[in-house]
Amino acid sequence: MEKKGSMETSSLVERDRRVIWHPFTQMKLACDPLAVVKGEGVYLFTECGKKILDGISSWWVNLHGHAHPYIIEKIWGQAKILEQVLFAGFTHEPAITLAERLLALLPASFEKIFYTDNGSTAVEAALKMTLQYFFNKNEQTKRIKVVCFKDGYHGDTFGAMSVAGKNDFNKPFRKHLFAVEMIDAPLRGNEENSLKQLQAILAKEDIACFIFEPLVLASGGMKIYSKEGLDALLSECKTHGVLTIADECMTGFGRLGPLFASHEMKEKPDIICLSKGITGGFLPLGVTAVKESVFQAFYSDDRSQALLHGHSYTANPLSCTAALASLDLLEKEECTNARIRIAKKQKAFVMKWKDHPKLNRCESIGTILVVEYKTAEGTSYFHPLRDRLYHHFLNHNILLRPIGNTLYVLTPYCITDNELEQIHQQIIFTLEKELF
Ligand SMILES: Cc1ncc(COP(=O)(O)O)c(C=O)c1O
Numbered sequence: 001m002e003k004k005g006s007m008e009t010s011s012l013v014e015r016d017r018r019v020i021w022h023p024f025t026q027m028k029l030a031c032d033p034l035a036v037v038k039g040e041g042v043y044l045f046t047e048c049g050k051k052i053l054d055g056i057s058s059w060w061v062n063l064h065g066h067a068h069p070y071i072i073e074k075i076w077g078q079a080k081i082l083e084q085v086l087f088a089g090f091t092h093e094p095a096i097t098l099a100e101r102l103l104a105l106l107p108a109s110f111e112k113i114f115y116t117d118n119g120s121t122a123v124e125a126a127l128k129m130t131l132q133y134f135f136n137k138n139e140q141t142k143r144i145k146v147v148c149f150k151d152g153y154h155g156d157t158f159g160a161m162s163v164a165g166k167n168d169f170n171k172p173f174r175k176h177l178f179a180v181e182m183i184d185a186p187l188r189g190n191e192e193n194s195l196k197q198l199q200a201i202l203a204k205e206d207i208a209c210f211i212f213e214p215l216v217l218a219s220g221g222m223k224i225y226s227k228e229g230l231d232a233l234l235s236e237c238k239t240h241g242v243l244t245i246a247d248e249c250m251t252g253f254g255r256l257g258p259l260f261a262s263h264e265m266k267e268k269p270d271i272i273c274l275s276k277g278i279t280g281g282f283l284p285l286g287v288t289a290v291k292e293s294v295f296q297a298f299y300s301d302d303r304s305q306a307l308l309h310g311h312s313y314t315a316n317p318l319s320c321t322a323a324l325a326s327l328d329l330l331e332k333e334e335c336t337n338a339r340i341r342i343a344k345k346q347k348a349f350v351m352k353w354k355d356h357p358k359l360n361r362c363e364s365i366g367t368i369l370v371v372e373y374k375t376a377e378g379t380s381y382f383h384p385l386r387d388r389l390y391h392h393f394l395n396h397n398i399l400l401r402p403i404g405n406t407l408y409v410l411t412p413y414c415i416t417d418n419e420l421e422q423i424h425q426q427i428i429f430t431l432e433k434e435l436f
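Going left to right, the sequence shown walks through residues 1 to 436 as the numbering used here numbers them.
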């Protein structure tokens, strides 16, 4: 019998089919995956010779383009010195410098950085911090519940699923998720309703924290909501002594314009979660940044009051080095200008097409463009339009991954005007031609 993995002459796709189980994929129905052999700038190059424009930054992680030579050089330099070391009882320079630099960039009240290794674990750590914060103060605390948005998403681990909107992603696990209170996001026109829902919940005095994606519910359909509405919710939480967690895994590192969405808010959260773009898209890393008041609840002569949480690759030196290199690039005027340029182009698209009869919604926030198509069947994740759109763009060598009937463009910042125009032209094509 032929041994698995011995097919050196067969294509990557054939070999993949034999041994790989892909994420978010119904393996029986899925088309063959595209085997990528090289990335450069905004492009992915496939085994069969396609050159694909990465219009979603490979799941929102890539900031400066694929295989950026500066980040490669820094990781290579670090790999020769120290590739990995455990992070309890030990420390290293890249982790310390990265914490110093992040704290200087985050809102002023942030004092400590806790490292993990992806977005979901950054969120798990944040949730555990808020629950243990009240437990450390009083083991009999009534504050054991979390408030979250109905359409929120924070990752695929159990804690993260518990605090997400209830949908097809977490349906099989519903009975195992911890109980939470849910409110509607303050979408424009719904601010008052959202605040009223929160007030009714907070009156019960059993809430430890409120977790939210600031200003955009990303995986929940790129729903953009009101800044003033969010400020009102945060202010209400503060009044009731409820901790607030801003999950900036998607919004962090300039996606909305400013480096962090929390800079836009009058009311600052107590905890900020970061991941995705943090390493410029090179390596996994998660950060849970906290205010001094949160840290102090764990700082004790009692060892059991410590946060007993960690991961093998916590603060991996190569990941921290990649993050430092990405920050160098992000802080350049050139990158700020690129984000402004992209934002302007997205806005111009919105101004031209927002009233198109085929669209429910066409809006932008910072560098992100969102286009929601009108459909008869509603907006489920499995909406058939999703596949038709996905393949339409791929046939034109553009990678966009619609969420149901919602298409979004979220590119690396090195994209040129012409390349962005190419994406816009294909969206216009879907509006103008009888494609669907
Ligand atoms: C807002 C937000 N938080 C957390 C996560 C989870 O991140 P990861 O996939 O790295 O676990 C995601 C992923 O899409 C996200 O959008």
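Every residue, glycine too, gets a C-beta built ideally from N, C-alpha and C.
Burial state of residue i, where buried means 16 or more other Cβ atoms lie within 10 Å
i, result
"Phe-312", "First, the amino acid is wrong: residue 312 is Ser here, not Phe. Answer is exposed; the Cβ neighbour count stays below 16."
"Trp-21", "exposed"
"Asp-302", "exposed"
"Cys-91", "Note on residue identity: the sequence assigns Thr, not Cys, to residue 91. Under this definition Thr-91 is an exposed residue."
"Glu-333", "exposed"
"Gln-425", "exposed"
"Gly-72", "Here the sequence assigns Ile to residue 72, which means Gly is not the residue at that position. Label assigned to Ile-72: exposed."
"Ile-368", "buried"
"Asn-62", "buried"
"Ala-203", "exposed"
"Thr-414", "At residue 414 the sequence reads Cys, which differs from the Thr that was named. Flag for Cys-414 reads buried."
"Met-1", "Since pLDDT at Met-1 reaches only 40, below the 50 mark, its modelled position is unreliable, and no value is offered."
"Gln-140", "exposed"
"Gly-5", "Residue placement at Gly-5 cannot be trusted, given a pLDDT of 43 that sits under 50; the coordinates are not used to answer."
"Thr-239", "exposed"
"Gly-165", "buried"
Range covered by the alpha helix (DSSP H) that runs through residue i
i, result
"Gly-229", "227-239"
"Cys-320", "317-330"
"Lys-433", "Counting along the chain, Lys-433 falls outside any alpha helix (DSSP H), and DSSP gives it neither H nor E."
"Glu-14", "12-19"
"Glu-333", "333-353"
"Gly-159", "158-162"
"Met-310", "Here residue 310 turns out to be Gly, not Met, going by the sequence shown. Counting along the chain, Gly-310 falls outside any alpha helix (DSSP H), and DSSP gives it neither H nor E."
Residue i - containing beta strand (DSSP E), residue span
i, result
"Tyr-43", "43-46"
"Cys-209", "207-212"
"Ser-364", "359-365"
"Glu-192", "Per DSSP, Glu-192 belongs to no beta strand (DSSP E); it is in the alpha helix (DSSP H), 191-202."
"Val-409", "406-409"
"Thr-244", "243-247"
Distance cut-off 8 angstroms: residue i Cβ against heavy atoms of ligand 1
i, result
"Tyr-115", "no"
"Ala-261", "no"
"Asn-118", "yes"
"Lys-497", "Nothing can be reported for residue 497, as the shown portion of the chain is limited to 1 through 436."
"Ala-362", "Residue 362 is actually Cys in this sequence, not Ala. No, ligand 1 has no heavy atom inside 8 angstroms of this Cβ."
"Tyr-225", "no"
"Asp-184", "no"
"His-309", "no"
"Cys-209", "no"
"Ala-160", "yes"
Beta-bridge pairing of residue i - partner residues as DSSP gives them
i, result
"Tyr-381", "Answer by DSSP bridge pairing: none, since Tyr-381 is not bridged."
"Lys-51", "Phe-45"
"Leu-259", "None; Leu-259 has no bridge partner."
"Leu-274", "Val-287"
"Tyr-70", "DSSP, once it has assigned bridges, lists no residue as partnering Tyr-70."
"Phe-110", "Lys-291"
Cβ distance (whole Å) where residue i is taken to contact residue j below 8 angstroms
i, j, result
"Asn-405", "Leu-385", "5 angstroms"
"Glu-236", "Leu-198", "6 angstroms"
"Thr-251", "Glu-213", "7 angstroms"
"Glu-292", "Ile-272", "Actually they are not in contact, since the Cβ atoms of Glu-292 and Ile-272 sit about 14 angstroms apart, beyond 8 angstroms."
"Phe-260", "Ala-322", "Not quite, the Cβ-Cβ distance comes to about 19 angstroms (not below 8 angstroms), so this is no contact."
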